[in-house]
Each structure stands twice: as structure tokens, then as C-alpha cells.
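Okay, so here's the structure we're looking at.
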Amino acid sequence: MTFRQIGVHFCLGLSAALLLLAGAALTLVDVTVERLIRDDAEIAAAGWVNHFAIQIDDIGQIAAGATPSPQSASFLAKQRGGTRVFRFEVYGRDGHLALVSDQVETKWLPAADSVDGRVAEVVANGRPITTLRHSDHPLLPPVYAESYQPVVVGAHVAAVVKAFIDQTQKRARFDHLLSTLGIVFAGLTALAFGASAIALRLRAQQKQASDQTAEHLAIERKVAQVRAEFLAQRDELTGLLNRATLLDRLSKRLGRLPETGLGLAVHNIDLGHLKTVNDTHGYDIGDGLIRAVAETLSEAIGEVDLIGRISGNGFLVVQDEVESPADAIRFAARLKDSLDRPFVVKGLDLASGAAIGVAIAPGHGATAEALLHSSELALDAAQSPGVRNHVCRFELGMEDEIRHRRELEALVENAAANDAFELHFQPVVSARDGAPVYFEALLRLPRPGGGYVPPSIFVPIAEDLGLINGIGAWALNRACRAAAGWPDALGVAVNLSPLQFSGADLNQVVAQALAASGLAPRRLELEITEGLLLKHTESVLHQLQGLREIGVSIAMDDFGTGYSSLGYLWRFPFDKIKIDRSFIVGWQANDRHVAHILRTIVSLGRTLNMLVTAEGIEHAAQAALLRDLGCDFLQGFHFSRPLPEAEVAPYLLQPHTVLADPRRTPALQLVTG
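The following block contains the structure:
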């Protein structure tokens, strides 16, 4: 075979190969184009349905078979043409057709069963399904797509919208591109014998790649646009409505209240334990708790209600069709019950610590912002110390109460930061001769205008603010330092908050206070309330034992208020029990049983070898009764009011009244060594 023949065969083979490659390339491009057109339709449908769902806030009710509201009906009427979406259908979660536009009659569309199976698939997976179709019917576009799009309300799919997207123009543009490519490939085949054909082929490939890249970039831009529109209306973490969107819809519903004759309630929900979860387990677990709460709330509310996430740890539920305030409170109680159960996140049982503030329109606010403000005030009240179920309804005057609490919180914070607290010392005297034996240190918070805030008010606030450990350590150090300057026979008693047992190492705090002041441990008495022993009993008893090993004495304060501490008196050897002042008041009111109870408590102390102090003594008759019953020590205004530190020394120089016959043997002797 000659060289020329070889060249001819080579050229023919090259031409055939180019033709095959051209055909394969065109087929591949056609498949790619179909996919691009379908993806473009799905993105367009997602954007349209997102806008559709935002404008129709009763989409869930419509999907369930309800008649659209007048506002929704007006919007639906405007969607019948003028866009690439030439038809739409709304399906319920069960797949039944609930609403259809009338641009094209149903008989011109592909036949469908009474229940659309693809709807169930979309509801189950939460993802859209899009199919590209070709038609030669005169009433349908030659090329269109059917896209099933989920409509998410709260954390679940409330409806499915099937959008019909006209893709004829898109297909025409790609067909033009394919025709151009066919001509190019034919030219390439004719010029297959020369370098120019090869160069032309390379340029065609480059153009094809460039066109495809441009198309993909356009799709990516549309995806980003749809996502931006979603984030403008929704919370990214939970998929719930964001604050701005929820308040906008709340405003619209408030405007319709006169037509319904019913009320509307907002439930402001705060997750009080979220910060602890984040600090302990990390933000990933905290985010899991937020999502779990969002799902629980979405399942708990009704079809006509709204829910949104309005802050990092806050949710807002709008309850529609409220017939009475009691209806709103019952609804809030159901929400609270659903949030009180443990949430399991990655194997961890977590508590939400939810509190709920309830405000009802129109009485608690005529605008969305006013109603939200009222619910925030109610939420503050629900999170105040002493509230049992952490659900509160807004009440008139609550704003003044919250403002007053905020002022007290600022006062406590300032006092803690600037050592503005004071310690006063009330003497505790011997029941035998009235001589002072020790002083109880009492914390005082001065008011800016004079006077003092009662401890029953500021101590719970300090505990709620997380400041009690620092304040308690300050009081302990100050009391030890003061007592170190008194005569060696006198001691000092300091009250401990239950929270101090769950904070820093209490034993170390006590040891450091003694070391810094030089006070002998035997001169320090620590008072605890019996309520402390009701929680974490073993841990508390272990810490109390450690304090006893340091050498300090332990007293049970307010003994007898609940009798819950009786079971612990023999488990831990307390040095002293203090009879609660309520018994003394009861006796003064001529309660004939109180004297018998007091005698029993004193007898119990004698049996367990514990000293007994009675506090709240205001009259000589009370002092005489407790002396005759066998109490060891007495405390109260009858002997002295609490004294500033500077007045303790002058008090000690005063003569003190003998309360009993010196020949009388006391029930128990005070052990100071």
C-alpha cells in the first residue's frame, strides 16, 4: 500500500472517528441540557413557592381543606399567569388535591389518581421532586416541568405545592446552541485533513465548555438567591420563622381580630438551661437542644398557630382563636409540659429549663411590639425566684414590679463589685445569766436613700444572679476578721446559702478565712437551713464532715419549720439546733400547743447532746418560758438589735441582766474548747 493510500485511509478513518465523536458529543450535550433545564425549573419553582408560602400564612389550613382567607384569595387570584409558573396545585400532607389554579383545565394535564404518591414522598423526605415533560397539545407549552415543592411550617411539611414551569424558551436557547454545535462539527469533519479543522474543533469545545460553565454559574447564582430569600424569612438553625417575619404576620392577625371576635395570645418561651448546656457540653449539643425544642413546639401547636425563633434561646408562639384568658393559660401549660420532659441529644438527657410569659390581645397590647413587650415582662416574672411552674400571664402593674426588681439587681451587683454590703452583729446570750456568748453575723444591703433592703429580698436575687458565692465568701472573711478582735471567749456565727455547697470548695473558703483572720476554728459557727439537706444529701453531709474536721461548729438554723431535718440529726452530729422564730410568735399568740412543741424540741436536743438556741425573743415573758424549758441560748430584740461592727465593743462594756437564779443548773454547758 502506497503512502498516498495510507494517507487516504487515515483521513477516511479520522473522518469516521470525528463523525462518531460528534454524534456522541451531541447526545451527551442533549442529556446535559435536559438535566440543566430540569434543575433550572426546580430552582425557579423553589423560589416561586417560597414567595407563595410567605404571602399565604394559612397555607397549612388550605392544604387541610379550609377555605382561603380573603387576603390569601386575593393573592391567589394574582398568580394566574404572567410568570413562567403557568399553573399550580396545592396538596395536603396525605396527597389529596386541595386547591388548583384555573389557567389550564385539569383534563389537559396528565391524568392523576385521587391521591398523588409523589406528595407522600416529598412529605417523607422534605426534598422536591421535579420532572421535565414534552407536549404537543395546543394548550400546553412544548416543554414544561412539574416540580413538587415542600412548604415547611414550623419544623414539619404542612403542604406540597406542585408548580408547572414553562421551559420552552430555555429549551429553544439550548436547541439553538446544539444546532450551532452540529454545524461546527460538520465543518470540523470537512476540514479533518488539516490543522485548521483541529483548531476549529478545539475552539468549539472551548465554547461548549464556556457555555456550560456560564449556565452552571447562573444556576449557582439562582440557588444563592433562593437561599438568601429563605434566610430573610426563616431561622437557619430550626427552619422556623425569624423574628421580623413572625412579628409581621402577628401584626396582620392583630388587624383581623375585630372581624373574628376572638382573642390572640403570644407565648414568649425562654430556655433557661441553654447556657449551661452550651458551657458544659458545647454549642453543637446546644444547637441540638434548640432543634429538638423547635420540633416539639411545632408538634404541640395547632394548625392555625404560628411559631418562630426570636433570639438565641427564645421562641414565640402565636395562639390564634383564643376564647378566654383561661384558654391561653391552659395552652401555655400544655407547652410547658411538653418542654419539661428530658430531651435526648446525642445520647445525653438534657433539660430545657423553659419558662413562659403569656400576653393576650387586645387587652395586653394592640400592636405586635406592644404585645411582645408585655409577654417579655410576664416572662421576667416567670423566671423570678419563688415561681413554681414558671408560667406567668401579664398583669397590670407588672412593669413596675419588673423595673423595681431590675433596680434591686443593679443594687446587688454594685454592692458585690464595690464591697458595699455591711455586716451587723446580733448578740446571742446565755439563758442562764444573760451574758453574751457569741454574735450572729447578719448581712445588710444599704439603700441609696437610707435604710436597708431585707435579706429575704436581696439574697434570692443574689442567688439568681450567681453572686452568692462571692458575697458569702466576703461575709465569712469579714465576720472572722471582726471576731478576731473580740475577747477570746466570744464566737461568731455565719449563715451559709445552700448554693455555697454547690459552688467553689467551701471547705477551702472557710479554711482560708480562718487563716487570714487568725480566728481559732472553735470560735466560728456555721449555720445551715434544713432545706439544704433535702437535695444532694450525701454530698452535703460529706462537706459538713469536712468542715467539722477543720474544727468549726455546725448549727441547724430554722429548725422545726418542716420537720424534714429530723432524719438527719443522728446522721450528722450537729453541735446546735436553732428553734425557728415562728414558734415564739405562735406562743405569744396564745397557741396552747406551741409550748409543748418547744419542750419537745429542747428535749430532743438534750437527748442528742446538742445545744439549743431560741431566736426571735422580743419580750421578757418569752425569755422566761424558753429559760424554764431548758434552752441554752436566747437571741432577739429583747436583748439587742443587730449592731454595726463599731458598736460591738461598747455593747460588751454594758452590764447585762441576769435572767435566771444563779443556783439553777443549765440544761447543757457551752463547750468552747
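Numbering of the sequence shown is given in the working numbering, commencing with residue 264 and proceeding in unit increments.
We treat Cβ as the ideally placed atom computed from N, Cα and C, and that holds for glycine.
Pick helix, strand or coil for residue 760, following the three-state DSSP scheme. Counting from one through the sequence shown, the residue named residue 760 turns up at place 497. Note: residue 760 maps to coil in three-state DSSP.
Residues bridged to residue 819 by DSSP? Residue mapping note: residue 819 aligns to position 556 of the sequence shown, counting from 1. Beta-bridge pairing links residue 819 to 791 and 840.
Going straight from the alpha carbon of residue 667 to that of residue 658, what length do you get? On the sequence shown, residue 667 is found 404 positions in, with the first residue counted as 1. On the sequence shown, residue 658 is found 395 positions in, with the first residue counted as 1. One C-alpha to the other measures close to 15 Å.
In whole angstroms, give me the CA-to-CA distance for residue 427 and residue 595. Taking the sequence shown and counting its residues from 1, the one referred to as residue 427 is at position 164. Taking the sequence shown and counting its residues from 1, the one referred to as residue 595 is at position 332. A straight-line Cα-Cα distance of about 42 Å links residue 427 and residue 595.
Taking just the CA atoms, how far does residue 914 sit from residue 887? Start at 1 with the first residue of the sequence shown, and residue 887 comes out as number 624. Start at 1 with the first residue of the sequence shown, and residue 914 comes out as number 651. So the two alpha carbons sit approximately 22 Å from each other.
Apart from the five residues just before and just after residue 382, which ones in its own chain have a Cβ nearer than 7 Å to its Cβ? What you label residue 382 is simply residue 119 of the sequence shown in a count that begins at 1. For residue 382, where only same-chain residues beyond five positions count, the Cβ hits under 7 Å are 354, 358, 411 and 423.
Residue 849, DSSP secondary structure in three states: As a position in the sequence shown, residue 849 is number 586, starting the count at 1. Helix at residue 849.
As an exercise, report each continuous alpha helix (DSSP H) stretch of at least 4 residues that is fully enclosed by the stretch 570-607, in chain order. Qualifying alpha helix (DSSP H) stretches, in chain order: 588-603.
Reducing DSSP to helix, strand and coil, say where residue 725 ends up. In the sequence shown, the residue the question calls residue 725 occupies position 462. Helix.
Check residue 778 in the structure and name its three-state DSSP category. For this step, residue 778 is matched to residue 515 along the sequence shown. In the structure shown, residue 778 sits in a helix (DSSP, three-state: H, G or I).
Just to confirm, is the Cβ distance from residue 966 to residue 776 under 7 Å? With the chain covering 264 to 936 only, the question about residue 966 has no answer from this structure.
Distance check for residue 878 and residue 847, CA to CA, integer angstroms please. Sequence index remark: in the sequence shown, residue 847 carries index 584 (1-based). Sequence index remark: in the sequence shown, residue 878 carries index 615 (1-based). Between residue 847 and residue 878, the C-alpha separation is close to 8 Å.
Would you say the beta carbon of residue 602 is closer than 6 Å to some non-hydrogen atom of the ligand HEM? In the structure shown, the ligand HEM is absent, as is every other ligand, since no ligand is present at all.
Roughly how many angstroms separate the alpha carbons of residue 527 and residue 397, rounded to a whole number? As a working mapping, residue 527 is identified with position 264 in the sequence shown. As a working mapping, residue 397 is identified with position 134 in the sequence shown. Spanning the two alpha carbons is a distance of roughly 49 Å.
Select from 758, 724, 746 and 519 the residue whose C-alpha is nearest the C-alpha of residue 705. The residue given as residue 705 occupies position 442 in the sequence shown. The option with the nearest alpha carbon to residue 705 is 758.
Check the DSSP bridge columns for residue 876 and list the partner residues they point to. On the sequence shown, position 613 is the one that residue 876 refers to. In the DSSP output, where bridge partners are listed per residue, residue 876 has 841 and 896.
Collapsed DSSP secondary structure at residue 913 in the structure displayed: As a working note, residue 913 is residue 650 in the sequence shown. Reduced to three states, the DSSP call for residue 913 is helix.
Just the C-alpha distance for residue 691 and residue 647, rounded to the nearest angstrom, thanks. Here residue 691 refers to the residue found at position 428 of the sequence shown. Here residue 647 refers to the residue found at position 384 of the sequence shown. When only Cα atoms are considered, residue 691 and residue 647 end up about 34 Å apart.
From the DSSP output, which residues share a beta bridge with residue 393? Here residue 393 corresponds to residue number 130 of the sequence shown, with the count starting at 1. In DSSP, residue 393 forms a bridge with 410.
What did DSSP end up calling residue 687 once you bin it into helix, strand or coil? Taking the sequence shown and counting its residues from 1, the one referred to as residue 687 is at position 424. Three-state DSSP puts residue 687 in a strand.
Using DSSP with H/G/I as helix, E/B as strand and the rest coil, what is residue 654? Sequence index remark: in the sequence shown, residue 654 carries index 391 (1-based). In the structure shown, residue 654 sits in a strand (DSSP, three-state: E or B).
Pull up the CB-CB distance for residue 564 and residue 585, whole angstroms please, since I reckon it's below 8 Å. Counting from one through the sequence shown, the residue named residue 564 turns up at place 301. Counting from one through the sequence shown, the residue named residue 585 turns up at place 322. Actually they are not in contact, since the Cβ atoms of residue 564 and residue 585 sit about 13 Å apart, beyond 8 Å.
At which residues does the alpha helix (DSSP H) containing residue 537 begin and terminate? Along the sequence shown, one-based indexing puts residue 537 at 274. Secondary structure note for residue 537: its alpha helix (DSSP H) is the uninterrupted segment 537-544.
Assuming the contact rule is C-beta atoms closer than 8 Å, residue 954 and residue 809 should be a hit. Round their C-beta distance to whole Å, please. Because the chain is modelled from 264 through 936, residue 954 falls outside the range shown and cannot be assessed.
Hey, residue 541 and residue 535 are a contact pair by Cβ (cut 8 Å); roughly how many whole angstroms apart? As a working note, residue 541 is residue 278 in the sequence shown. As a working note, residue 535 is residue 272 in the sequence shown. The pair is not a contact, with the Cβ atoms about 12 Å apart (cut-off 8 Å).
Work out the CA separation of residue 620 and residue 317 for me, nearest whole Å. Your numbering for residue 317 matches position 54 in the sequence shown. Your numbering for residue 620 matches position 357 in the sequence shown. Near 27 Å, if we compare the C-alpha coordinates of residue 620 and residue 317.
For the alpha helix (DSSP H) that contains residue 425, what are its first and last residues? Numbered from its first residue, the sequence shown carries residue 425 at position 162. First-last for residue 425: 419-429, but that is the beta strand (DSSP E), not the alpha helix (DSSP H).
To the nearest angstrom, how far is it from the Cα of residue 298 to the Cα of residue 392? Walking along the sequence shown from the start, residue 298 turns up at place 35. Walking along the sequence shown from the start, residue 392 turns up at place 129. A straight-line Cα-Cα distance of about 13 Å links residue 298 and residue 392.
State buried or exposed for residue 498, treating a residue as buried only when at least 16 other CB atoms are found within 10 Å of its CB. For the purposes of this step, residue 498 is taken as the residue at position 235 of the sequence shown. By the 16-neighbour rule on beta-carbons within 10 angstroms, residue 498 is buried.
DSSP has residue 693 in a bridge; who is on the other side? The count along the sequence shown starts at 1 and reaches residue 693 at position 430. Answer by DSSP bridge pairing, in chain order: 896.
If residue 679 and residue 529 are in contact, beta carbons under 8 Å, what's the gap, nearest whole angstrom? Counted from its first residue, the sequence shown places residue 679 at position 416. Counted from its first residue, the sequence shown places residue 529 at position 266. That belief does not hold up - the Cβ atoms of residue 679 and residue 529 are roughly 35 Å apart, past 8 Å.
Residue 710 to residue 716, Cα distance in whole Å? For this step, residue 710 is matched to residue 447 along the sequence shown. For this step, residue 716 is matched to residue 453 along the sequence shown. Going by the C-alpha atoms only, they are around 6 Å apart.
Could you tell me which residues DSSP pairs with residue 755 in its beta bridges? Here the question's residue 755 lines up with position 492 in the sequence shown. 702 and 787, per the DSSP bridge assignment.
From what residue to what residue does the alpha helix (DSSP H) around residue 352 run? Within the sequence shown, the letter at position 89 stands for residue 352. Segment 348-354 is the beta strand (DSSP E) holding residue 352; no alpha helix (DSSP H) there.
Rounded to whole angstroms, what is the Cα-Cα separation between residue 907 and residue 814? Counting from one through the sequence shown, the residue named residue 907 turns up at place 644. Counting from one through the sequence shown, the residue named residue 814 turns up at place 551. Each residue's alpha carbon lies about 27 Å from the other.
If you check the beta carbons only, do residue 894 and residue 911 fall under 7 Å apart? Position 631 of the sequence shown holds residue 894. Position 648 of the sequence shown holds residue 911. Cβ distance not < 7 Å, so residue 894 and residue 911 don't count as in contact.
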